[in-house]
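Oh and the sequence shown: position 678 is 678 in full-length UniProt numbering, straight run, nothing missing.
All C-beta atoms, glycine included, are put in the ideal place defined by N, C-alpha and C.
Please read all numbers here as calculations on a predicted model, not as lab measurements.
Let me begin by presenting the structure, written as structure tokens, before commenting on it.
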Amino acid sequence: AIHMIELSDRQSGRDDVQAGGETTSGPLDTSSVFSVAFMSFMSPLMRLGYSRPLVDDDIYPMPLQERVGSVYRKLDSNWKDAAPAGDVSLFKSLVRSFWPQSIRGGFMLLIAHAVSLTVPFIITDFVRYLTTACHDTTHGFLDALALFVATGCTSLAMNNAFYHNVRAAGSCRDSIMALIYTKSLKISAASRQATSTGETVNLMSADAQRVYESLIYIHFLWVAPLSVLVVTIILIYSLGYAALAGLLAMSLLIPYQWGNTSLAARFRRSMLRNTDKRIMSTSEMFAGIRVIKQYAWENHVAEKIAQIRDAEVVDLKNLQLVNTLGTAIVAVWPGIVSALIFITFVLQGEQLTTVIVFFVLSLLVAVRLPISMLQKSIQVVTDGWVSLRRINRFVCLPELDLRGRSIDTGAPGTIIVNNASFSWGGSSTFPILRSVSFQFPPKLLVAVIGSVASGKSSLLSAIIGELAVTKGSIDVSGTFAYISQQHWIQNKSVRENILFGKPFDSDRYTSVVHAAALMPDLSVLPSGDETEIGEQGINLSGGQKARIMFARACYADTDIVLLDDPFSAVDVATGNIMFQYGVKRLLSNSTRVITLNSHLHFLQEVDQIVLLLPSANDSSDTVVHTFHNYDEFCTAYPNFANEKGDRDQEPVSTPVMVASATKDVLVEEESVQTGTVEGHVYMTYLDHCMAGGGVWAAIFLVTIFSVSQILRIGSDFISAEWGQTYMPDQRFWIMLQSVVIAAALVLFIGRSFIFNSMTIRASRLLHDHILKRLLLAPIPTFFDVTPLGRIVNRFSKDMDQIDVLISDYLGDI
Numbered sequence: 001a002i003h004m005i006e007l008s009d010r011q012s013g014r015d016d017v018q019a020g021g022e023t024t025s026g027p028l029d030t031s032s033v034f035s036v037a038f039m040s041f042m043s044p045l046m047r048l049g050y051s052r053p054l055v056d057d058d059i060y061p062m063p064l065q066e067r068v069g070s071v072y073r074k075l076d077s078n079w080k081d082a083a084p085a086g087d088v089s090l091f092k093s094l095v096r097s098f099w100p101q102s103i104r105g106g107f108m109l110l111i112a113h114a115v116s117l118t119v120p121f122i123i124t125d126f127v128r129y130l131t132t133a134c135h136d137t138t139h140g141f142l143d144a145l146a147l148f149v150a151t152g153c154t155s156l157a158m159n160n161a162f163y164h165n166v167r168a169a170g171s172c173r174d175s176i177m178a179l180i181y182t183k184s185l186k187i188s189a190a191s192r193q194a195t196s197t198g199e200t201v202n203l204m205s206a207d208a209q210r211v212y213e214s215l216i217y218i219h220f221l222w223v224a225p226l227s228v229l230v231v232t233i234i235l236i237y238s239l240g241y242a243a244l245a246g247l248l249a250m251s252l253l254i255p256y257q258w259g260n261t262s263l264a265a266r267f268r269r270s271m272l273r274n275t276d277k278r279i280m281s282t283s284e285m286f287a288g289i290r291v292i293k294q295y296a297w298e299n300h301v302a303e304k305i306a307q308i309r310d311a312e313v314v315d316l317k318n319l320q321l322v323n324t325l326g327t328a329i330v331a332v333w334p335g336i337v338s339a340l341i342f343i344t345f346v347l348q349g350e351q352l353t354t355v356i357v358f359f360v361l362s363l364l365v366a367v368r369l370p371i372s373m374l375q376k377s378i379q380v381v382t383d384g385w386v387s388l389r390r391i392n393r394f395v396c397l398p399e400l401d402l403r404g405r406s407i408d409t410g411a412p413g414t415i416i417v418n419n420a421s422f423s424w425g426g427s428s429t430f431p432i433l434r435s436v437s438f439q440f441p442p443k444l445l446v447a448v449i450g451s452v453a454s455g456k457s458s459l460l461s462a463i464i465g466e467l468a469v470t471k472g473s474i475d476v477s478g479t480f481a482y483i484s485q486q487h488w489i490q491n492k493s494v495r496e497n498i499l500f501g502k503p504f505d506s507d508r509y510t511s512v513v514h515a516a517a518l519m520p521d522l523s524v525l526p527s528g529d530e531t532e533i534g535e536q537g538i539n540l541s542g543g544q545k546a547r548i549m550f551a552r553a554c555y556a557d558t559d560i561v562l563l564d565d566p567f568s569a570v571d572v573a574t575g576n577i578m579f580q581y582g583v584k585r586l587l588s589n590s591t592r593v594i595t596l597n598s599h600l601h602f603l604q605e606v607d608q609i610v611l612l613l614p615s616a617n618d619s620s621d622t623v624v625h626t627f628h629n630y631d632e633f634c635t636a637y638p639n640f641a642n643e644k645g646d647r648d649q650e651p652v653s654t655p656v657m658v659a660s661a662t663k664d665v666l667v668e669e670e671s672v673q674t675g676t677v678e679g680h681v682y683m684t685y686l687d688h689c690m691a692g693g694g695v696w697a698a699i700f701l702v703t704i705f706s707v708s709q710i711l712r713i714g715s716d717f718i719s720a721e722w723g724q725t726y727m728p729d730q731r732f733w734i735m736l737q738s739v740v741i742a743a744a745l746v747l748f749i750g751r752s753f754i755f756n757s758m759t760i761r762a763s764r765l766l767h768d769h770i771l772k773r774l775l776l777a778p779i780p781t782f783f784d785v786t787p788l789g790r791i792v793n794r795f796s797k798d799m800d801q802i803d804v805l806i807s808d809y810l811g812d813i
């Protein structure tokens, strides 16, 4: 049921984002306290899952207050309230946002462990009843009933604890992912250069997931030590000073785990740094896979990624080594503690009885779960804390600097720059543009020209707010659309790329398509404008990408339109159509600012011309000249007028979009297998684990696991026999118990080393195998139909689960 809640959380998040509203309620919005406590609201869904595999539409929607939009607004509000006061701790903002749900989970966990500590007393009383001459059956039945109620209440409280913790952790994860996404859209240009796409992807996938997992187990950090303290008091009260020897070993376990985990955190941080480098390199490699295959660079880039992966695997080995020692000691510590208690008790001259043995063992069994969970919780919480600090650093990156910038103070479409200087911000304040002044009233058509690297694109970036104002002021009023030289095409249909989320208006859409000269292209496509475009426009020419971007800007119907060299990828005839029907006619009600590197004959038809030239005194400085008409410009700079004819004579062909004409859907949907995981999946992982050892490696591993487990259980059996058998010389039992415990500890450590070596080998081989197979994959039938994000996700979150989670889960099994 808890996993169904997690799936419901993800599905409701998608619905919330896609629908843009929060209107559909789910069972949790109307369920009673009893229904939630016993999780009976999940019964219909569980029955449906029993009859057939569940699909996304079957999952219940989350409560309205826990959907992505709601939890993000809550976290964003607390984050913004704390930031002005200098409190930039994301952890504190998460606590302020979601503490009630998490506190409920912690309270239920405390109840579960408190009730579980009554079980040893019930078992002790039942053993005493069985070992005495009393045959009062009512006493035995009452003990059995009390044991049933105690274990049932423990299970119910424990399940509710995890239920509330999963809900709280899910809210934190969803809000963090939304916060990272919105932050990535607002960071400054200098901040964007300091991070990478691969790092951002890793933060949203792997790091957010680690924070989620840590919040599920975080309450064990205080419940487990509290349980140990209570058991310590009970043992001292019951056995006297004989319990101190075992309790000393128990007390040393917690600080050992903290020190062990701090060392693991250091290796984890180093590993994550290498992970970011690997994902960044992998993302860049697959983004440029066409060039790599064209020049046969597959082996070279694979070696580069392999070097980064090797450094990552070294950190993974160190991390697993530290965790191995902690896991092995936690596995055998109940036997060590009980043996020390019994040996000290006997050496004091006391008689060890069955009642005492079962009382001590049942107490240690009751506290075994919180202690073992303490080891896991310290590990996952440390990982989560490392990830949360990485996320905290990202969301604290400087955003776009709005100082010196006014918004919507004049008529819509007005752009006023008053003696302004602009820089990219960050540590460098060197101005890209210096002392710029101009004023564009609404509906003006302006052309910006200049030599290469004179600052034309930077001027448009300054208008839209990408550059920081270091001097003067800038005032931009109204909405705007912007076309950059780097074309951004979505993996959607032609129509969806043009509409860009706006409602469909048939008349305006037809005018836009005509103005962008897209009619000939659409006429040859089997589905017209419903034909799908591949990721990053892989099935489009440069001119077609430019015209779709141009159509998108025209359809947006904004007050200001900024076009960065929109005609560079089209021929003269196509450019004339776009300029006459699009820029001059369809966008006549907007203020239009166009940069031109070619098609300079359009200068005769614009209202103003802005010329950017290097300064005569400083070649790194740019001087801005503004001309109110073409004649004024030609008088001042006749050379530009003479160049226009030469630049525009050679047409650039713009082929029709025929690459997509063979089918309607280019990018394939990701296949999801339902039902049970097939056996060959497990065998593939196990084969990589045992590479080089074969069947004998499997037999050896199963044998050492079995023997170590038998020895661990055998120590409890020896204690029980010890309590039933009276011998004047207790040295036999002391030696036997000591040897069994020592052998169990050695075998646990040895088996953990061997098992972790196998899982690390599997991780390394699987990564190398996947990378090799993808580099050999063909472009038309794989890379053209598979989104880049899907590929990168295999190397980020999925690989992180193979490295860490699968080995943990397999070890538990």
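For this session: Consult DSSP for His487 and reduce its assignment to one of helix, strand or coil.
Result: coil
Problem set entry | As assigned by DSSP and simplified to three states, the class of Glu199 | helix
Problem set entry | Backbone secondary structure at Gln439 - three-state DSSP | strand
For this session: Measure from the alpha carbon of Gln486 to the alpha carbon of each residue in Asn589, Gln348, Leu563 and Leu248, then state which is nearest.
Result: Leu563
Problem set entry | Nearest-angstrom Cβ-Cβ length linking Val201 and Val624, presumed shorter than 8 Å | Contact doesn't hold; Cβ gap of about 39 Å is too wide.
Exercise. How would you write the range of the beta strand (DSSP E) that Val446 sits in, first residue to last?
Worked result: Leu445 to Gly450
For this session: Hey, could you find the ends of the beta strand (DSSP E) Val561 is sitting in?
Result: Ile560 to Asp564
Exercise. Alpha carbon to alpha carbon, how far is Val606 from Lys502?
Worked result: 29 Å
Problem set entry | Phe627, buried or exposed, once every other Cβ within 10 Å from all chains shown has been counted against 16 | buried
Exercise. In angstroms, rounded to a whole number, what distance separates the CA positions of Phe705 and Met690?
Worked result: 15 Å
Exercise. To the nearest angstrom, how far is it from the Cα of Phe394 to the Cα of Val739?
Worked result: 53 Å
Problem set entry | Neighbourhood of Ile802 by C-beta, 7 Å cutoff - its chain only, sequence neighbours within 5 removed | Ser763 and Leu766
Exercise. Rounded to whole angstroms, how far is the Cβ of Tyr206 from the Cβ of Leu340, which I believe are closer than 8 Å?
Worked result: The sequence as given places Ala at residue 206; Tyr does not occur at that position. Wrong, their Cβ atoms sit about 42 Å apart, outside the cutoff.
Problem set entry | Start and end residues, beta strand (DSSP E) containing Asn419 | Ile415 to Ser423
Problem set entry | Cβ separation of residue 816 and Ile760, assumed to be a contact under 8 Å, to the nearest whole Å | Missing from the structure shown is residue 816; the chain here goes from 1 to 813 and no further.
Exercise. Exposed or buried, what is Pro566 when buried is set at 16 or more other beta-carbons lying within 10 Å of its beta-carbon?
Worked result: buried
Exercise. Leu613 by DSSP, collapsed to three states: which one?
Worked result: strand
Exercise. What is the rounded straight-line gap between the Cα of Ser435 and the Cα of Gly534?
Worked result: 43 Å
Exercise. Per DSSP, what kind of secondary structure is Glu496 in: helix, strand or coil?
Worked result: helix
Exercise. Do you know whose CA, among Pro780, Asp784, Phe755 and Leu775, lies nearest Val320's CA?
Worked result: Strictly speaking, residue 320 in this sequence is Gln, with Val absent from that position. Cα-wise, what sits closest to Gln320 is Phe755.
Exercise. DSSP three-state call for Lys186: helix, strand or coil?
Worked result: coil
Problem set entry | Val476 (DSSP reduced to helix, strand or coil) | strand
Exercise. If you check the beta carbons only, do Phe220 and Leu374 fall under 8 Å apart?
Worked result: yes
For this session: Could you tell me whether the Cβ atoms of Ala517 and Ile577 are closer together than 8 Å?
Result: yes
For this session: Grab me the residues of Lys772's own chain with a C-beta within less than 6 Å of its C-beta, minus the 5 sequence neighbours each way, in chain order.
Result: none
For this session: Keeping to the same chain, check which residues put their C-beta closer than 6 Å to that of Ile416; ignore five residues upstream and five downstream.
Result: Gln439 and Asp475
Exercise. Alpha carbon to alpha carbon, how far is Leu54 from Phe41?
Worked result: 16 Å
For this session: Count the other CB atoms, across all protein chains shown, that sit within 10 Å of the CB of Met62; report buried if there are 16 or more and exposed otherwise.
Result: buried
Exercise. Tell me which same chain residues have a C-beta within less than 8 Å of the C-beta of Leu235, skipping the five on either side of it?
Worked result: Ala243, Gly246, Leu247, Ile341, Val360 and Leu363
Problem set entry | the region 177-196 / the region 257-273 touching (three or more Cβ pairs under 8 Å) | no
Problem set entry | Three-way DSSP call (helix, strand, coil) for Tyr60 in this model | coil
Exercise. With distances taken between CB atoms, is the gap from Ile279 to Ser807 smaller than 8 Å?
Worked result: no
For this session: Check whether the Cβ of Ser493 sits closer than 7 Å to any heavy atom of the ligand GDP, and report yes or no.
Result: Among the components modelled here there is no ligand, and therefore nothing to report on the ligand GDP.
Problem set entry | Span of the beta strand (DSSP E), counted from its first residue to its last, around Phe627 | Thr622 to Phe627
For this session: Just tell me which of Asp800, Arg266, Asp798 and Leu775 has its CA closest to the CA of Tyr295.
Result: Leu775
Exercise. Which stretch, first to last residue, makes up the beta strand (DSSP E) that contains Ile407?
Worked result: Arg405 to Ile407
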